[in-house]
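Read top to bottom, the protein sequences are chains A and B. First residue of the first sequence? That's 577 in the working numbering, and the numbers climb one at a time after it. First residue of the second sequence? That's 28 in the working numbering, and the numbers climb one at a time after it. Quick reminder that beta carbons are idealized off the backbone N, C-alpha and C, glycines included. Owing to the predicted nature of the structure, the values given are computational and were not obtained by experimental measurement. Step one of this worksheet: look at the structure below.
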Amino acid sequence: MTGDAVAALDAAQVDYAGRGRVLGPVDFRLAAGEIVALVGPSGCGKSTALRLLAGLEPPTHGAVRRAAGRGETSVVFQSPTLAPWLSATANVSLPLEMAGVGARVARSRAVEALGRVGLADAVTARPAQLSGGMAMRASLARALVTSPKVLLLDEPFAALDEITRRQLADDVLALWAEQRPAIVFVTHNVEEAVYMAGRVVVMSPGPGRIAGEVAVEGPAPRPPGFRATETFRHTAERASALLHQAMGAPP
Amino acid sequence: MSRAALIVAPIVFVCLLLGAWEAACRLLAVPVYFLPPPSGIAVALVENAPLLFVSAWRTLSSALSAFAIVGVLASVAALGAASARIVEASFRPVAVALQVTPIVSLAPLFQVWAGLEHPGAAVVALACVAAFFPMYSGVLAGLTSADPELERLFDLYGASIWQRLTRLRIPSAVPQALEGFKVGLGLALVGTVFGEILAGAGGAQGLAWRIQEASHRMQMDKSFAALAALALMAGALQSLYHLLERRLIVWWRGR
């Protein structure tokens with residue numbers, strides 16, 4: 577592994593029987609502690625790329641390299657994916673317990689993690705009793721409770737309303753500042769990508785390849801009013817233009 | 028439409044039907060050995076209450092025994108089937124055969140196997156056959172329908188087969204298993220009634236046997252009284268299960 581990359585795709589390519597190629601070949605490098613957004617149209621293989629990085633499926637060709645060991649990668653999906661029969665605390669302590677942490681320690685760390693995402697009052701609640709935004713926070717707490725080196729977010733805010741997604745975006749950045757995991761954030765929303773990431777990677781329509789990349793200047797977590805700054809608007813424009821170009825449309 | 032009207036309307040409708048029945052019997056002077064009026068059935072129901080109660084308990088205990096036995100057998104079989112595709116494929120023809128074979132046709136065999144001394148065993152066995160398939164397929168469907176993204180998380184956690192089973196698949200199976208068990212309970216009662224009529228041969232004196240015995244003696248009022256008791260019992264059993272199921276789902280989902 578070159579430099580301090582925690583995960584990398586080397587000419588990785590994924591073919592599905594019956595669907596043909598869905599991704600690649602793609603070269604991608606994730607450095608420790610950075611936040612990268614993967615942006616692209618629906619069906620461009622963003623989620624497939626994420627599953628490769630998580631080690632949940634192998635590439636058909638090429639290679640995936642992962643420095644993170646078992647339990648050091650966390651994934652948050654578009655839906656909160658909580659077990660309905662478990663309380664918020666039991667859901668969050670699950671990955672710890674599966675990794676062999678004692679039940680009591682796991683529970684107390686889960687309660688702590690729920691507190692960090694603002695769910696201190698909902699530790700005994702069941703998923704059915706949580707709002708969409710709260711359930712997503714619980715899902716984030718579950719992802720962060722193991723202090724992962726790599727955090728993979730697969731369109732985690734797509735099902736939420738605008739206010740909640742903006743709040744959650746800031747919360748994710750604040751949580752990132754505490755533990756500094758490397759984050760890959762998949763989205764089809766360019767503004768959200770630019771707001772979240774230090775680097776926006778634009779993908780072409782399926783089979784997705786990397787069409788280009790835009791670096792985002794500015795401090796993280798974002799200061800208030802960041803969306804109104806010249807830097808933000810300019811970067812979002814450039815990323816949008818790249819995406820238009822990748823999709824074969826006039827910029 | 029108000030709630031009260033929705034509750035009152037079916038009661039009124041049933042009363043109208045019973046009234047028409049009663050009126051027809053009286054006006055047309057239908058002989059009681061052919062079709063007794065509802066009033067006569069009510070009298071028979073009260074007069075025979077102790078005997079009917081004992082018979083109802085027989086029928087109920089046969090049905091519940093079958094339900095309990097199949098509950099365990101079907102769950103174990105479904106766990107086996109859910110553990111590997113090859114086990115599921117091996118079980119499938121047997122499970123389907125059990126489902127599609129009319130249980131009436133099995134009664135003579137069970138009668139022979141149970142012997143004249145144990146007619147109750149033949150009844151329970153028939154009820155078991157009747158209840159097996161929905162209970163098995165309910166548990167199996169539940170075990171194999173866990174949220175695929177939760178399954179993926181368990182992949183990520185490097186879960187062992189045992190952890191996946193106890194922490195994901197079995198808890199996920201609860202709602203569908205309860206549905207399958209509901210159908211199974213109904214069919215266990217149907218199987219018991221079949222069994223009592225076909226294999227019981229007088230030894231297992233459940234409600235179905237009372238219906239048959241009274242009919243043979245042309246005591247149609249008693250026959251109808253036993254039938255009414257059976258219908259009431261079946262209705263009560265389903266309602267009770269429905270309540271229990273709702274409580275369990277609330278416990279499972281926390282709401």
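Contact between the stretch 203-215 of chain B and the stretch 262-280 of chain B is established, with three or more Cβ pairs separated by less than 8 Å. Under the Cβ criterion of 9 Å, E176(B) is counted among the residues facing chain A.
With its beta carbon less than 9 Å from one in chain B, M674(A) belongs to the interface. If the five residues before and after A675(A) are omitted, its C-beta is found closer than 6 Å to the C-beta atoms of G647, all from its own chain and listed in chain order. Using a Cβ-Cβ cut-off of 8 Å, R702(A) is close to R280, G281 and R282 of chain B, given in chain order. Interface annotation for the stretch 638-664 of chain A against chain B: R646, G647, T649, S650, V651, F653, Q654, S655, T657, L658, A659, P660, W661, L662 and S663, criterion Cβ-Cβ distance under 9 Å.
Three or more beta-carbon pairs separated by less than 8 Å link the stretch 624-641 of chain A to the stretch 598-610 of chain A, which places the two stretches in contact.
Taking C-alpha positions only, L33(B) is separated from V677(A) by approximately 55 Å.
Chain A places a beta carbon closer than 9 Å to that of G185(B), counting this residue as a contact. DSSP, read as helix, strand or coil, puts H637(A) in strand. By the C-beta criterion, the stretch 211-222 of chain B is judged not to be in contact with the stretch 190-202 of chain B, since fewer than 3 inter-stretch pairs fall below 8 Å.
Burial is judged here by how many other beta carbons sit within 10 angstroms of a residue's own beta carbon; S618(A) has fewer than 16 and is exposed. Of all residues in the stretch 748-773 of chain A, none has a C-beta nearer than 9 Å to a C-beta of chain B. Residue pairing for E789(A): DSSP places it in a beta bridge opposite V777(A). In the DSSP annotation of this structure, the continuous segment of the beta strand (DSSP E) that includes P601(A) starts and ends at G596 to A607.
Residue-level contact check: V166(B) does not touch chain A, since none of the beta carbons of chain A fall below 9 Å from its beta carbon. Proximity of R273(B) to chain A, defined by a Cβ-Cβ separation below 9 Å, is not satisfied.
Assigned with DSSP and collapsed to three states, L234(B) falls in helix. Under the three-state reduction of DSSP output, R282(B) falls in the coil class, being neither helix nor strand.
Only exposed fits R273(B), as fewer than 16 other CB atoms lie within 10 angstroms of its CB.
When Cβ-Cβ separations below 9 Å define contact, Q190(B) makes contact with chain A.
The Cβ atoms of V770(A) and L729(A) lie no closer than 9 Å to each other. Annotation note: the stretch 90-127 of chain B contains the following uninterrupted alpha helix (DSSP H) runs of length 4 or greater, listed N- to C-terminal: 112-127. Check the Cα spacing between I68(B) and each of A83(B), W48(B) and L167(B): the tightest is with W48(B). For R642(A), the secondary structure class from DSSP, reduced to helix, strand or coil, is strand.
Burial is judged here by how many other beta carbons sit within 10 angstroms of a residue's own beta carbon; L55(B) has fewer than 16 and is exposed.
Residue environment: P175(B) is assigned as exposed (fewer than 16 neighbouring CB atoms within 10 Å of its CB, all protein chains considered). In the three-state scheme derived from DSSP, where H, G and I count as helix and E and B as strand, D730(A) is classed as strand. Taking the Cα of V97(B) as reference, the smallest distance to any Cα among Q239(B), Y163(B), L254(B) and A204(B) is reached at Y163(B).
Collapsing the DSSP output to three states places D174(B) in coil.
With contacts defined as CB atoms closer than 9 Å, A261(B) and L72(B) fail to qualify as a contacting pair. In terms of Cα proximity to V668(A), the closest of Q589(A), A689(A), P724(A) and V651(A) is A689(A). In terms of Cβ geometry, V762(A) and V776(A) do not form a close pair [threshold 9 Å].
Beta-bridge analysis with DSSP links I759(A) to I611(A) and L727(A).
In terms of CA proximity to L585(A), P635(A) leads the group L818(A), P635(A) and R814(A).
Counting the other CB atoms within 10 Å of its CB gives W140(B) a total below 16, which places it among the exposed residues.
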